[in-house]
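Read through the structure below, which is laid out as structure tokens, and then see the notes.
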Amino acid sequence: MKTLEVRFQDAQIELSHGAGGKATRRLVEGLFVPLLANPILQSLQDAATIELNGAHLALTTDAFVVKPLRFPGGSIGELAVNGTVNDLAVSGARPLGLVSAFVLEAGLATEVLEAEVRAMAEAARRAGVAILGGDTKVVEHGRADGMYIATTGIGLVDMRVRLGPERVRPGDRILLSGPIGDHGIAVLLARGELDLEADVSSDTRPLTPLVEALIETAAPAIRWMRDPTRGGLATALNELARECGLGIVLQEEAIPVRDVVRGACEILGLDPLHIANEGQLVAVIAPEAADAALEALRRVPGVERPALIGEVQPEPARTVVAVTSYGGSRVVDMLVGDPLPRIC
Amino acid sequence: MPAWREPMKYVDEFRDPKLIQTAAQEIRRLADPDRHYRIMEVCGGHTHAIYRHGLKNLLPPNIELVHGPGCPVCVLPMGRVDDGLAIAQIPDVIFTAFGDMMRVPGRRGTPLELKAQGADVRMVYSPLDALRIAQQNPDRKVVFFAIGFETTAPSTALTLIRAKALGVRNFSVFCNHVTILPAIRAILDSPDMRLDAFIGPGHVSTVIGCRPYEFIAREYGKPIVISGFEPLDLLQSIVMILRQLREGRAEVENQYARVVPWDGNRPALRAMAEVFELRPYFEWRGLGFISQSALKIRPSYADWDAEVLYEVPGVRVTDPKAAQCGEVLKGVLKPPQCKLFGRECTPEHPIGALMVSSEGACAAYYHYVHRAQAAVE
Chain A
1 MKTLEVRFQD AQIELSHGAG GKATRRLVEG LFVPLLANPI LQSLQDAATI ELNGAHLALT
61 TDAFVVKPLR FPGGSIGELA VNGTVNDLAV SGARPLGLVS AFVLEAGLAT EVLEAEVRAM
121 AEAARRAGVA ILGGDTKVVE HGRADGMYIA TTGIGLVDMR VRLGPERVRP GDRILLSGPI
181 GDHGIAVLLA RGELDLEADV SSDTRPLTPL VEALIETAAP AIRWMRDPTR GGLATALNEL
241 ARECGLGIVL QEEAIPVRDV VRGACEILGL DPLHIANEGQ LVAVIAPEAA DAALEALRRV
301 PGVERPALIG EVQPEPARTV VAVTSYGGSR VVDMLVGDPL PRIC
Chain B
345 MPAWREPMKY VDEFRDPKLI QTAAQEIRRL ADPDRHYRIM EVCGGHTHAI YRHGLKNLLP
405 PNIELVHGPG CPVCVLPMGR VDDGLAIAQI PDVIFTAFGD MMRVPGRRGT PLELKAQGAD
465 VRMVYSPLDA LRIAQQNPDR KVVFFAIGFE TTAPSTALTL IRAKALGVRN FSVFCNHVTI
525 LPAIRAILDS PDMRLDAFIG PGHVSTVIGC RPYEFIAREY GKPIVISGFE PLDLLQSIVM
585 ILRQLREGRA EVENQYARVV PWDGNRPALR AMAEVFELRP YFEWRGLGFI SQSALKIRPS
645 YADWDAEVLY EVPGVRVTDP KAAQCGEVLK GVLKPPQCKL FGRECTPEHP IGALMVSSEG
705 ACAAYYHYVH RAQAAVE
């Protein structure tokens, strides 16, 4: 296929190009997409969908560079499995298998590696998926902060769901599976650079049980799903707003945020809507099925405080707005820059 | 537990919808419909809060909030950024700065871009963190890029006092601290300013107290109310201002008394006096040179003064011609009235510092009000 013109004009790569926000979007749309141009890539979904003898296969990959390797509630190995499983899950796919590549640093203690491989085995067991292959590379000491892990996953799309921004309609409701910001804040505090202590753990977990519950209850009414990782809920919903051309109006008070996360964000000048999650999903549900979908999530073990947090409206087009209970409103933008590098 | 001993949640009470609606009603009752009010919020933190909470929707249209110069990175002239970057490029230097500073452009790029090219530039949340880095890296020279008003100056002062006491010789400060009062006076003296009142800065006042603002009321006859940062704080401050205007009073009032003592924070003021003296003059972005408006490190701390230790170019750099940061900083123009706003100048590619800091009027406006589609398309 013919390549298109490269529009990415930044002279060098910055940390913000990996933050999952606006800069990432510009890099992907301005450099990768034009040079690798093909219709599946251009749809820019969490997983590519390939049709094969009538079955729809979902294919996705993710690299993990989190620092530190272990943090309250999880570790790089667990993230590496859950991150890829979740990209498949929110594409409506049941994971069939993963493969994994390790970039290890010379001098890495074997026990550290072993702990992460054990964490991967446990996460894979929990997600009901096997790790079927892999690759190992080693770089000089001081070049990889211990280890980087990349995982690639393949899944079988459930034929009962059809997802996509083009299916989203005014009046649809926004469903969020639980409190936001736990992962980003847990990793940030685990670095110990801030002299802040708070009891908060990463929310990393497989989303497959949540997606299955939604599919069983409301399959035809699910329009779109995403796991709001880097860039947070704000970035995921802004991408949706841009892709579907509609407005997303959030009720700020309805968005669950733990007090401890809210407090840390207030102190650090961050917006919880921009903080990464590793175990939440956000879905757009047709209005008639919204309450049933919410109930279905409530019944999934481990899910706390799921909520309907807003709805799709024709205006303001291509924009996310948050409304407060006292009548104020503001535009919620994508993440700009990178307040928290190396979060996953 | 009796009600009065319920632990305060630190923000929720000040975001209570009922109380906010009551304050908004009171504002509508007090505002004379035949009059236009121009009220300047001096502090960038207030600018951010006003947009973040969408408070404009709650005000009648004849109350106009004018954004003031109280955003530390916004008023820093480009030449000082270049001076800082010149220090950062000296071999062996670890250059430390607050997060807001990292994306402020000098003539040849931002601290963050310099870092991506290999310079050792590190973000810190406190100058004490920079001092700790110096102690952990005795063979390197650690420089802290100090910016800010009286809010951050005491922590820089305390850090220098500690560095001297501990004899940490590989630590120094590139001092860009400024003081808010001369800037307010410059704005009051500016001919294109027609302001009715001020919302006074909350954090600065925790250090300097309320007394230093008395000249605004006495000499210029304008009310000023020191305000907190939550929606209810700001609305209550506007109520207090409208009451003063209605009753023909011009006074300094303290809405933020739960945090701001009338006489300020004496230990903080003592630390500042120990370490800093006034510069004869200093350049402010958009406002030009203002006499006695900035702090410099005293000769007794010269061994920790990066301006003494290192050659800095000290070149004056004029802002890009098309950018109208100065007019926006003085409140003459609203952010979207600048020719570059949302086109050449966006939070991702800021040309002026007002677009960098979350406290900058342009960034606040861009993030929360305006939507420049062009930036990502």
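Heads up: the sequence lines are chains A and B, in that order.
So the first sequence is residues 1 to 344, counted in this note's numbering.
So the second sequence is residues 345 to 721, counted in this note's numbering.
Backbone N, C-alpha and C define an ideal beta-carbon position, used for all residues, glycine too.
Keep in mind that this is a model prediction, so the values were computed, not measured.
Since residue i is in the alpha helix (DSSP H), which residue starts that stretch and which ends it?
| i | result |
| --- | --- |
| B/Ser-549 | 546-552 |
| B/Thr-366 | 361-374 |
| A/Tyr-235 | Position check: residue 235 of chain A holds Thr in this sequence, whereas Tyr was assumed. 232-244 is the span of the alpha helix (DSSP H), which, as asked, contains A/Thr-235. |
| A/Glu-212 | 208-218 |
| B/Thr-503 | 497-510 |
| A/Gly-114 | At residue 114 of chain A the sequence reads Glu, which differs from the Gly that was named. Segment 110-127, the alpha helix (DSSP H) holding A/Glu-114. |
| B/Gln-433 | Element bounds for B/Gln-433: n/a, residue is neither H nor E. |
| B/Gly-389 | 388-396 |
| B/Ala-707 | 705-712 |
| B/Ala-667 | First-last for B/Ala-667: undefined, no H or E at that position. |
CB-CB under 8 Å to residue i, same chain, minus the five flanking residues each way: which ones, in chain order?
| i | result |
| --- | --- |
| B/Val-604 | Gly-546, Ser-549, Thr-550, Gly-553, Cys-554, Ile-570 and Asn-598 |
| B/Tyr-710 | Pro-679, Phe-685, Gly-686, Thr-690, Pro-691, Met-699 and Ala-716 |
| B/Ala-617 | none |
Can you name the residues that DSSP bridges to residue i?
| i | result |
| --- | --- |
| B/His-380 | None; B/His-380 has no bridge partner. |
| A/Ile-154 | A/Leu-59 and A/Gly-97 |
| B/Trp-628 | B/Gly-632 |
| A/Arg-70 | A/Ser-75 |
| B/Gln-580 | Paired residues: none, contrary to the question. |
| B/Lys-674 | DSSP output for B/Lys-674 lists no bridge partner at all. |
| B/Leu-409 | B/Ile-383 |
| A/Trp-224 | A/Val-284 |
| B/Ser-516 | B/Val-487 |
| A/Ala-307 | A/Leu-176 |
| B/Arg-587 | For B/Arg-587, which the question treats as bridged, DSSP gives no partner whatsoever. |
| B/Asp-649 | B/Val-517 |
| B/Cys-689 | B/Phe-685 |
| A/Thr-49 | A/Ala-58 |
How would you label residue i, buried or exposed, when you count the other beta carbons within 10 angstroms and need 16 or more for buried?
| i | result |
| --- | --- |
| B/Ala-718 | The pLDDT assigned to B/Ala-718 is 33, lower than 50, so where the model puts this residue is not dependable; a value taken from the coordinates is nonetheless given after this. Exposed, by the Cβ-count rule. |
| B/Val-659 | exposed |
| B/Leu-510 | exposed |
| A/Ile-13 | exposed |
| B/Arg-644 | As written in the sequence, residue 644 of chain B is Ser, which differs from the Arg given in the question. The residue in question, B/Ser-644, is exposed, as its Cβ has fewer than 16 Cβ neighbours within 10 Å. |
| A/Ala-55 | exposed |
| A/Ala-11 | exposed |
| B/Phe-633 | exposed |
| A/Gly-192 | exposed |
| A/Arg-227 | The question names Arg, but residue 227 of chain A is Asp in the sequence shown. Buried, by the Cβ-count rule. |
Suppose the cutoff is 6 Å on Cβ atoms and the five residues either side in sequence are ignored; what does the same chain contact list for residue i look like?
| i | result |
| --- | --- |
| B/Pro-413 | Val-419, Ala-527 and Leu-673 |
| B/Leu-475 | Thr-503, Ala-507 and Phe-515 |
| A/Glu-315 | Gly-247 |
| A/Leu-237 | Ile-248 and Val-320 |
| B/Arg-349 | Any reading at B/Arg-349 must be qualified, since the residue scores a pLDDT of 49, below 50, and its modelled position is unreliable; no value is offered. |
| B/Gly-331 | Summary: the structure shown does not reach residue 331 of chain B, with chain B confined to residues 345 through 721, and so no result is reported for it. |
| A/His-345 | One cannot answer for residue 345 of chain A here, as it falls past the ends of chain A, which runs 1 to 344. |
| B/Cys-415 | Gly-388, Ser-701, Glu-703 and Gly-704 |
| B/Pro-421 | Glu-627 and Arg-629 |
| B/Ala-708 | Thr-391, His-392 and Tyr-395 |
Need the endpoints of the beta strand (DSSP E) that residue i sits in, please.
| i | result |
| --- | --- |
| B/Glu-621 | 620-622 |
| A/Val-139 | 131-139 |
| B/Leu-639 | 639-641 |
| B/Met-467 | 465-467 |
| B/Thr-440 | 437-441 |
Apart from the five residues on each side of it in sequence, which residues of its chain come closer than 7 Å, Cβ to Cβ, to residue i?
| i | result |
| --- | --- |
| B/Lys-640 | Cys-519, Phe-620, Glu-621 and Arg-623 |
| B/Arg-372 | Pro-404 |
| B/Ala-722 | Residue 722 of chain B lies beyond the stretch modelled for chain B, which goes from 345 to 721, so this question has no answer here. |
| B/Val-355 | Glu-574 |
Please tell me whether residue i has its Cβ less than 8 Å away from any Cβ of chain C.
| i | result |
| --- | --- |
| A/Gly-327 | Structure shown: chain C not included; protein chains present are A and B. |
Which residues, in chain order, does the stretch 252-269 of chain A contribute to contact with chain B at a C-beta distance below 9 Å? Glu-253, Asp-259, Arg-262, Gly-263, Glu-266, Leu-268 and Gly-269
Residues within the stretch 394-412 of chain B neighbouring chain A, beta-carbon criterion of under 7 Å: Tyr-395, Arg-396, His-397, Gly-398, Leu-399, Asn-401 and Leu-402
Using a Cβ-Cβ cut-off of less than 7 Å, list which residues of the stretch 188-218 of chain A approach chain B; keep chain order. Leu-194
Taking a cut of 7 Å between CB atoms, which residues from the stretch 463-493 of chain B lie near chain A? Tyr-469
Using Cβ-Cβ distances below 8 Å, what residues of the stretch 535-557 of chain B are close to chain A? none
Positions along the stretch 20-38 of chain A whose CB lies within less than 7 Å of some CB in chain B: Lys-22, Ala-23, Arg-25 and Arg-26
Taking any Cβ of chain A, which residues in the stretch 553-585 of chain B have a Cβ under 8 Å from it, in chain order? Pro-575
Near-chain A residues of the stretch 434-457 of chain B (beta-carbon distance less than 8 Å), N- to C-terminal order: Gly-443, Arg-447, Leu-456 and Glu-457
Members of the stretch 673-697 of chain B near chain A, C-beta cut-off 7 Å: Pro-691 and Glu-692
Scan the stretch 354-382 of chain B for residues whose Cβ lies nearer than 7 Å to a Cβ of chain A and list them as they occur along the chain. Val-355, Pro-361, Ile-364 and Gln-365
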